[in-house]
Amino acid sequence: MVVSLRDLRPGQQGRVDRVNGRGAIFKRLLDMGITPGSLIEMRRVAPLGDPIEVRLRGYSLSLRKEEAAQIAVALV
Amino acid sequence: MLTVAIAGNPNAGKTTVFNNITGARQHVGNYPGVTVEKKSGTCDHRGTRMEFIDLPGIYSLTAHSVEEMVARDFIINGKPDVVVAILDASNVERNLYLATQFMEMDAPLVLALNMCDVAEARGIEFDIEALSGLLRTPIVPMVGHKNMGTTDLLDAIVAKAAEGPPEAVHVNYGEELEDEITRISELIVADGHAPETYQRRWAAIKLLENDEDVQQKVSSRKILDAVKKSEDYLEKLYGHPSEVVIADQRYGFISGACTETVRLTAEARHTMSDQIDAVITNRVLGLPIFFGLMYLVFYLTFTLGDPPMGWIESFFNWLGRAVSSLWAEGADSALRSLLVDGVIGGVGGVVVFLPNIVLLFLAITVLEDSGYMARAAFIMDRLMHKIGLHGKSFIPMLIGFGCSVPAIMATRTIENRRDRLTTMLVVPLMSCGARLPIYALIIPAFFAEAWQAPMLLTIYLTGLALAVVSAKVLKTTILKGDSPPFVMELPPYRAPTLKSLFLHTGGRAWLYLRKAGTIILALSIILWALTSYPKKTVFDRDYDAEIASEPGGPPPGLPAEAMHAADSEAFGERIKEARQARQAEALAYTVAGRIGHGIEPVLKPMGFDWKIGTALIGAFAAKEVFVAQMGIVFSVGEADEESDSLRRRLRESYTPLQAFCIMLFCLVSAPCMATVAITKRESNSWMWALFQLGGLTLLAYVLTVMVYQVGSLFTAATLIG
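First to last, the protein sequences are chains G and F. One gets this note's numbering by counting positions in the first sequence from 1 and adding 227 to each. One gets this note's numbering by counting positions in the second sequence from 1 and adding 791 to each.
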């Protein structure tokens, strides 16, 4: 099942299906290793409800829900 | 001499390695035209002299951020003999991503595998020889914070430089993509349009990545059309835009090299950092911990900084008196005044900020090096994003309530230039500690006990609200632009090292003294001249004669001690009054006094007279000077904020509305000269410093006029009603 990264619950994992959008933010997500096929895990949501922390390629990354919504992942 | 660039991801320990190599032989400057800091340093190794340039910490080499542009321009134009890419061994995949891009530029590369101890503790094992062979690049294992591997790295750099032009090591992008790359690079050669410094292959890849900078530089319609066609073809073929395919292939290349050479021996899911984060960024505990730490930073900077500031002030007061005593009592010497009030006062005014700066940077370095700063941004981002700023803007804004000077220096932690400038520009609206004496003087003079606390709160909240609105306005107008993605690494927690604390804090303090201090000193001397010259020699009243002929003085030939105590006191009072009146007249005669008089028509709509105008000019030296200057123009001598006689005089002269307007204007208007100097230094441009000065003063003027005019209408209405 393909969902957006922002909808994962803490602890859930998914494989990146595609990254939507264009431009700087999109490029930055790719550079940080969010490429199709990579495994990504939702870790936690910040105390104020945004941003979120995810784990991929052995490190932790935080991004806003706005950006996470652009990342489609297939649940594993 | 060899030129060596040190590059790497943020948090890879780049600065630690740079410090190990260069020690204190560092020079801090700026890259031309941008606010990005350039650190360089030298090192002699086995008879080879090397200059090291610490490039900004980056993840990639796109044209989307100033830091990345600076780094790649340096590789292209600075032509370093060797590029050292520092890799965090515990996160080697993502760190190698940047390295592959250096390979693409045909940069002579040495890889420094840093923090091997952390990787080992996490159960990561490397076959360094095999990895080095696959990447065809020398790799040096290191532990930067224990200064291990530094000599090996220097050896590898010297060897690499001696090697000559590097063997090309390229990521293989797969047959289809490679075909397109070849086609475009051939077009570039045929066209002769590309600047020769750009390697063809690199330029072709960048074009396929939609790199705006390279697109502009190539600028040939023919090539750009061919790129567009290739992109369409690739997108159809792969189902993803070409940027995605390129990034994916780079990561694929890295994974390929790592599967055979990097082994995870233990399942390291729940590392120490995870456990700390489970508490520190916890939904319930995260905020209280954050505010607790912020309180600590504020307390450390200002409460602990207060006694040393007092010592510095007393020292300069003492020095002033000592120098002053070299002249005969009562002698009117311009040189003495210049030395004591201008130079010593000015230097004192510079040095007095040092305790704050040192303590604040100690705290900030601990927060940064430990990894907490990224968590702070993570926690505060939602709030700060609402006003168009970054989570990291919170700390400078908070420090602004103490003092704008260290606060503006603290904006260095904000990577994005626009966010950093916006924060810098609005920080003076956070009501700083030096403005408190103004409120403390005025509020009790005009407002009933019950209204005093709400009034003070109103002032502070007004400043905060203005800061929020101004930040929003700046971000939607002159500092408009793509909001930088908040895609931020949360690095593993680490214990900060003493050496880094020392070097960083010391470096900041020195930079402040050298760069901002000189401007502050020059401005103090100018202000001293404005408030001292021209000297009035002929006074409206003959004060000396009045003092001499004052009845009730001691009988001729007898010392004052011979008088009756009560008589003596009354006599002393009258003498003091005469002296204070003379001081007020002298100030009115100076340039500052004349400007105060001259701009009175402009000040009128705010309800201000020339006295307030003159005191405001003095307050540019430091906000709290306003109180002392008001004391002088109102002939009550050197007053402080507890002065009842000054409060009485103020009550006689102004209405509560005018009093509120004074506070409002002092809150919003021209930041003090130290703030202007530090903004110049930190933004690397007089333009921004003057924009801040002018913009805030204009804002203050407009607001105060509005409040005064509307307020006057209401007062008039109540009087009539």
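Ideal placement from N, C-alpha and C gives every residue a C-beta, glycine not left out.
Assign Y1086 (chain F) to one of two classes, buried (16 or more other C-beta atoms within 10 Å of its C-beta) or exposed (fewer than that). exposed
In the DSSP assignment, find the unbroken alpha helix (DSSP H) run with Y822 (chain F) in it and report its ends. Neither: Y822 (chain F) is in no alpha helix (DSSP H) and is coded neither H nor E.
Tell me, please, whether the CB atom of G238 (chain G) is closer than 8 Å to any CB atom in chain F? no
With 16 as the cutoff for other CB atoms within 10 Å, does P1146 (chain F) come out buried or exposed? buried
Taking 8 Å as the limit between beta carbons, can you name the residues of its chain near L1455 (chain F), skipping five residues before and five after? I1250, T1253, A1491, L1494, T1495, V1498
Who are the near neighbours of T928 (chain F) in its chain, counting only those whose CB is closer than 6 Å to its CB and skipping five residues on each side? Excluding sequence neighbours, T928 (chain F) sits near L900, L902.
Partners in chain G for E884 (chain F), counting only beta-carbon separations shorter than 8 Å: G260, R284, G285
Are the C-beta atoms of I298 (chain G) and some chain F residue less than 8 Å apart? Taking 8 Å as the threshold, the shortest C-beta distance from I298 (chain G) to chain F does not fall below it.
For R885 (chain F), I'd like the list of residues in its chain whose CB is within less than 8 Å of its CB, leaving aside the five on either flank, ordered along the chain. N800, Y850
How many Å lie between P1396 (chain F) and I1205 (chain F) at the Cα? Distance between the alpha carbons of P1396 (chain F) and I1205 (chain F) is about 40 Å.
Output needed in chain order: residues of the segment 229-257 of chain G with a Cβ under 9 Å from some Cβ in chain F. Result list: R245, V246, R249, G250, A251, I252, F253, K254, R255, L256, L257.
Could you check whether the Cβ of G832 (chain F) sits closer than 7 Å to any heavy atom belonging to the ligand SAM? The ligand SAM is absent from the structure shown, which contains no ligand whatsoever.
Count the other CB atoms, across all protein chains shown, that sit within 10 Å of the CB of V808 (chain F); report buried if there are 16 or more and exposed otherwise. buried
If you measure between the beta carbons of R1442 (chain F) and F1425 (chain F), is that distance less than 8 Å? no
Does the beta-carbon of R1209 (chain F) have 16 or more other beta-carbons within 10 angstroms, so that it is buried, or is it exposed? buried
Below-8 Å beta-carbon distance, A376 (chain G) vs any chain F residue: Past the boundaries of the shown model lies residue 376 (chain G); chain G is included only from 228 to 303, so the question cannot be answered.
Starting from the beta carbon of L290 (chain G), find every residue of chain F whose beta carbon is closer than 7 Å, and list them in chain order. F1277, V1278
Taking only beta-carbon positions, decide if G1077 (chain F) is within less than 8 Å of chain G. Chain G, which has a Cβ nearer than 8 Å to the Cβ of G1077 (chain F), makes this yes.
Is the beta carbon of T1062 (chain F) sitting closer than 8 Å to the one on G914 (chain F)? no
Under 8 Å: do the segment 941-948 of chain F and the segment 963-978 of chain F share three or more Cβ pairs, one atom per stretch? These segments do not touch.
For the beta strand (DSSP E) containing C1457 (chain F), list its first residue and its last residue. That residue, C1457 (chain F), is in no beta strand (DSSP E); its alpha helix (DSSP H) goes 1447-1459.
Measure the alpha-carbon distance for K805 (chain F) versus A880 (chain F) and round it to whole angstroms. 12 Å
With DSSP as the reference, label D864 (chain F) as helix, strand or coil. D864 (chain F) falls in the helix class under three-state DSSP.
Counting only beta-carbon atoms, is F1237 (chain F) nearer than 8 Å to chain G? no
What did DSSP end up calling I1067 (chain F) once you bin it into helix, strand or coil? helix
Okay, do the segment 1233-1242 of chain F and the segment 1277-1291 of chain F touch, 3+ Cβ pairs below 8 Å being the bar? no
For F1169 (chain F), return the contacting residues in chain G, with the cut-off set at a CB-CB distance below 8 Å. A273, P278, E280, S289
For K1471 (chain F), the first and last residue of its enclosing alpha helix (DSSP H): 1464-1474
I want to see whether chain G comes within less than 8 Å of T1495 (chain F), judged by CB atoms only; does it? T1495 (chain F) does not count as touching chain G.
Of the residues that make up the segment 1032-1057 of chain F, which ones have a beta carbon closer than 8 Å to any beta carbon in chain G? P1032, E1034, V1035, A1038, D1039, Y1042
Since Q1420 (chain F) is in the alpha helix (DSSP H), which residue starts that stretch and which ends it? Unbroken alpha helix (DSSP H) run through Q1420 (chain F): 1416-1424.
Using Cβ-Cβ distances below 8 Å, what residues of the segment 835-853 of chain F are close to chain G? Y850, S851, T853
Can you tell me whether E1473 (chain F) is buried or exposed? The criterion is at least 16 other CB atoms within 10 Å of its CB, across all chains shown. Buried, because 16 or more other Cβ atoms sit within 10 Å of the Cβ of E1473 (chain F).
List the residues that DSSP assigns as beta-bridge partners of T1322 (chain F). Beta-bridge pairing links T1322 (chain F) to no other residue.
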